[in-house]
Amino acid sequence: MRSWSILGTVALLLVSDSWAFKAHDFKTCSQSGFCRRGRALSARAKEAKSSWVSPYRIQEDSINISPSQAVFTAAVKGLYEEINFGLEVRIQDDGVVRVRMDEVGGLRKRYDETASWALIAEPVISEDIKWAKSKGATRATYGQKKEFEVIVKHQPLQISLLRNGKEQIVLNGDGLLHMEHFRNKVEPPTSTEEPEPVEGESAEEEAGTQKVLEVKTRPTAWFEGETEDALFEETFSSWTDSKPKGPESLSLDINFPNHGTVYGIPQHATRLALPSTAGEDPTFSDPYRLYNSDVFEYLASSPVSLYGSIPLMHAHSVDSTVAVFHVVGSETWIDVSHASDKSTQTHWISESGILDTFLLPGPTAEDVFKQYARLTGAPVLPAAWSLGYHQCRWNYVSSDDVRTVQKRFDEEDMPVDVFWLDIEYAEDHEYFMWKEKNFPDPVEMTNDVAANGRKMVVIVDPHLKRDDNYPAFKQASELGILVKPKSGEGEYEGWCWPGSSSWTDFFNPASWDWWKGIFKPEGNPDKWTWTKSTTDIHIWNDMNEPSVFNGPEITMPKDNIHYGGWEHRDVHNINGMLYSNLTYQAVAERTNPPMRPFVLTRAFFAGSQRFGAMWTGDNLGTWEHMAVGIKMVLANGLGGLSFAGSDVGGFFGNPEPEMLVRWYQVGAFAPFFRAHAHIDTKRREPFLLDEPYKSIVKDILRLRYTLLPVWYTAFRETTVTGMPILRPQFIMFPKDKAGFDIDDQYYIGSTGLLVKPVTEKGATEAKVYLAEDEVYYDYLTNQAYRGAAKGKEITVPAALHQLPLFLRGGSILATRERPRRASSLMKRDPFTLKIALSKSGSARGELYLDDGESYNHMQGDLIWREFSAKEHGKHGLRISSADLAAAKPDEAVDGVALKTYNPANEFVKSVADVRVEKIVVLGLRSKPRSVKVQGGGELVYEYTPGVAASDKKGGSPSVLEIKDPRVLIKEDWSIVID
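Residues -20 to -1, 1 to 958 (mature numbering (1 follows the signal peptide of the UniProt record, and there is no 0)) make up the sequence shown, in order.
#1: Enumerate in chain order the residues of its own chain whose CB-to-CB distance from F212 is below 6 Å, with the five nearest sequence positions on each side excluded.
#2: Terminal residues of the continuous beta strand (DSSP E) containing S22?
#3: Report the CB separation of R696 from V579 in whole angstroms; it is logged as a contact under 8 Å.
#4: Whose CA, out of K500, N521, H518, lies closest to the CA of T511?
#5: Taking just the CA atoms, how far does A769 sit from A751?
#6: Helix, strand or coil for T250 per DSSP?
#7: Quick check: the Cα distance between V641 and D448, rounded to an integer number of angstroms?
#8: Throw me the rounded Cβ distance for the H852 and I728 pair, which I believe falls under 8 Å.
#9: Looking at D266 and K538, is the spacing between their C-beta atoms short of 8 Å?
#10: Going straight from the alpha carbon of V104 to that of H306, what length do you get?
#11: Take R824 and list the residues in its own chain whose beta-carbon comes closer than 8 Å to its own, dropping the five residues that flank it on each side.
#12: Let me check understanding here. Comparing Cα to Cα, which of G592, E410, S457 lies closest to K445?
#13: Roughly how many angstroms lie between the CA atoms of V242 and M293, to the nearest whole one?
#14: Sort out for me which residues DSSP pairs M293 with in a bridge.
#15: Please look up how many angstroms separate the CB atoms of A303 and L340, rounded, as I've assumed it's under 8 Å.
#16: Taking 6 Å as the limit between beta carbons, can you name the residues of its chain near T571, skipping five residues before and five after?
#17: Take the Cβ of S482 as the centre, count every other Cβ of all protein chains shown within 10 Å, and call the residue buried at 16 or more, exposed below.
#18: Could you compute how far the alpha carbon of A101 sits from the alpha carbon of D92?
#19: Cα separation between K464 and L558?
#20: Would you grab the beta carbon distance between G153 and A20 for me? Rounded to a whole angstrom, and I think it's under 8 Å.
#21: Just to confirm, is the Cβ distance from P343 to R143 under 8 Å?
#22: Mind reading off the beta-carbon distance from Y271 to E311? Whole number of angstroms is fine, and I expect it under 8 Å.
#23: Going by DSSP, what residues sit across from D758 in a beta bridge?
#24: Assign L888 to one of three DSSP states: helix, strand, or coil.
#25: Taking the continuous alpha helix (DSSP H) assigned at P451, which residues delimit it?
#26: Rounded to whole angstroms, what is the Cα-Cα separation between M575 and G832?
#27: Give the range of the beta strand (DSSP E) segment to which R845 is assigned.
#28: Report the three-state DSSP secondary structure of R198 (helix, strand or coil).
#29: Relative to the C-alpha of G66, which candidate in S42, D402, E569 has its C-alpha closest?
#30: State the start and end residues of the unbroken alpha helix (DSSP H) segment that holds G609.
#31: Going straight from the alpha carbon of S906 to that of A655, what length do you get?
#32: How many whole angstroms separate the CB atoms of F6 and V308, which I take to be in contact at a CB cut-off of 8 Å?
#33: To the nearest angstrom, report how far apart I955 and V901 are at their CA atoms.
#34: Let's test the definition: count the other Cβ atoms within 10 Å of the Cβ of V920 and tell me whether it reaches 16, buried, or not, exposed.
#35: If you check the beta carbons only, do F623 and P651 fall under 8 Å apart?
#36: Smallest Cα separation from A117: which of S106, L99, P136?
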């Protein structure tokens, strides 16, 4: 969040006085030395065409193959014989291939710790796969049908992953691999005199040393270019980057010869299927940039870097899905070009780090997500209340303001779970320190919110005001855990909301226990803690790119120094993840036993899904930003971050009522659902709307709450599989080429819900693509539509009060239909089962429940049920409930297998009397003669005939409503319809 209009903020004098995105605040590739060098390398290769040959080659006599593991190592030579590299290729036990290359015996060490922050554990190497060396190549074949093959070509070096003989991923196929070696800066001579030999060294030996040095620093025209370009110093605007280590960039081409569509590398505001940045007629002239940046009012279509970076790219075709995870924490630029609709070329250019790249072989999208989750972790199961509606603005100005907003929600009977406080709660923007004039009773205020079953979220930004009277800064300074300037001495000083600020270095292990200790509200006589807090307060981490108002590109200088002597350039994209990681741990550990925390982060990296939610930052209240926000949330899901959303209403601006209603429809069908607004916007809480807008939004909020069990069940699945909550068309129908570019509609997990948000002003209808010959039921009206085997576009009503929401035939949803003011009050409410029969007359669905707050589910305190509807006899139907947790002990939740599950566990006991109060069956083929619980009596039901769902023109299906079937959620049961 940012504005330059707050009077008294020192940053006002240091940054732009306009809110509009200013391109000159951020680098383009042509303004970045290493990106220029990388793109120039690519240009020389294209100009040379077939005569271009990569200088990187394996020394044949250095090849070593592990006899017990699938590990291949070799020495690699590049441009200069004096420079050595080491290559290692590992095949993991799940078939993922890891390629690592680093400079060996160089003048300095390259940063090689990115994987230690991103990965959850060191991957297990296969002991079954064997490498075999042949003339000019070393290869390994594996897979159940020996369908996968990895080939390492020796001269020039090229690494390929194949499936069934077809290339899936190729590294250095275009010869753009270049790991710039460390070198000394050669100053121009100040005189013409010959240098005197060093004592003990002959003139010949001294000359030989000088000759080697010259070789190491001399550009090579055919590959590196004829002139040195920003190798040791670089200026952008008024800032100079000293580059004390000299050039160390990494260039690598990664090609997908048989995959014409690529997705991922969030975060960018663009289409889900990534448009081209190179080749013929590119959509964007600059590469996609991964460099965590505070870009306020970002453009709605741009390759410009935003708040987070995940260097993971999916490539898809009708035959398979593969992915590449390029584990680099420094600034990275990625060019994408499509030679045809069947192949994709990409070029990755990173400022520093080693080559550490994982090739994920798929071959399905689900396989890829599982492979990535095994590397970086699956999303964590959130607290159940965090899936409700969050109300925020910059700023609720006082305790009374918070109480009034809560009162108004209750008066209007609108559900809400969380109230948020932005930076103005903190005295002088010193986080943890309440502004006593406005918030004299923070604990009592929080308790008032909690008394209504709700929570609060309070912002804690990473910058610490440089004031010895501010305990957080004083303690951090005394512990020596603040980021240092380029000299390596003292503390880096920059400017942010409090004015003069410093930043905690969370790469320093000494910071970890200190940070976690601050959040313990019970206090500590020997240490300052946040005593004016409660366990009902959760945390919002903003500005953690980090945002520095007077820094280059509104962030920290790259030559700042972190723990271990590493420069900020090496760890920039990882920085924000460490902040949310430690905050997540701090909030969890403030109680014993720990309780599930909620932490929202703006900056992120691969692995951030383990620490909570993210949002898409400072968007605008425009139709374009509403639309691109959907695509961004989908893209973040592909990067592992399913718990994502965009600010409802847009952070900047005053959306008209129609736009605000549509935005609530968008937000209600994102995993993270929060309304937020800038300090200069008009108040726009939903209860302030005039009719009919207020009632429409109220209905949307209530719809979200009825579907909370559906969302929670979907989250259980992603904690195990890594599959995104929101699933774009290509995941659901991987062989349907017509759906590869569709990114304005999506499915929610495996639930069968299809959503097509309306993001156009004045719309009264919408077009929805159905990829299969199956019936789809309008969730709100039960209207039935039929798709086609080769795909079909239908037109549906979409007036302002109508949301295109469909339930796929073959699905069963378990919902809670009783309106409540907060989700915590719904825990013992009965369920409604909505059964949407497929064209073949069957359906299934799941329901997952636990206490929603503790970690007791990891000890098996949970309910996980499967509901099914199958044909019974000639015209009948059997609806059943079965215990999935008991039936699948090797399945998991939150990464823990269900072998600990006991059907009589404590959670089951706590909801022992929770029942199913209604069952609705759509698409029954004929009127029932009887409806009975197996082993019981006749049930009360109502049947409404309709136009058969098999009618390709659609129509109203039959509706069977079973009233109070008297069955419990915890039990196995069957209802027989004859």
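Note that the Cβ used here is the ideal one computed from N, Cα and C, for glycine as well.
From a predicted model like this one, the values you see are computed outputs, not experimental measurements.
Looking at the coordinates:
#1: K165, K223, G226
#2: Segment 13 to 28 is the alpha helix (DSSP H) holding S22; no beta strand (DSSP E) there.
#3: That pair is no contact at about 20 Å.
#4: Among K500, N521, H518, the Cα nearest to that of T511 belongs to K500.
#5: 7 Å
#6: coil
#7: For V641 and D448, the distance between alpha carbons rounds to 47 Å.
#8: Actually they are not in contact, since the Cβ atoms of H852 and I728 sit about 29 Å apart, beyond 8 Å.
#9: no
#10: Going by the C-alpha atoms only, they are around 18 Å apart.
#11: The beta carbon of R824 is closer than 8 Å to those of G790, S791, I792, E846, F847, S848, A849 in its chain, skipping five residues each way along the sequence.
#12: E410
#13: Looking at the two C-alpha atoms, the distance is approximately 7 Å.
#14: G244, V304
#15: Going by Cβ atoms, the distance from A303 to L340 rounds to 4 Å, so yes, they are a contact pair.
#16: Apart from sequence neighbours up to five positions away, the residues of its chain that approach T571 with a beta-carbon distance below 6 Å are T515, ordered along the chain.
#17: buried
#18: Each residue's Cα considered, the two are about 15 Å apart.
#19: Using only the alpha carbons, I get a separation of about 17 Å.
#20: Not really, about 19 Å apart at Cβ, beyond 8 Å.
#21: yes
#22: 4 Å
#23: F786
#24: Sequence inspection shows Val at residue 888; the Leu mentioned does not correspond to that position. Note: V888 maps to helix in three-state DSSP.
#25: 451 to 459
#26: 10 Å
#27: Here the beta strand (DSSP E) through R845 covers 843 to 852.
#28: Note that R198 scores 49 on pLDDT, short of 50, meaning its location in the model is unreliable and no value can be drawn from it.
#29: S42
#30: 603 to 618
#31: Each residue's alpha carbon lies about 45 Å from the other.
#32: F6 to V308, Cβ: 20 Å. No contact.
#33: 12 Å
#34: exposed
#35: yes
#36: P136
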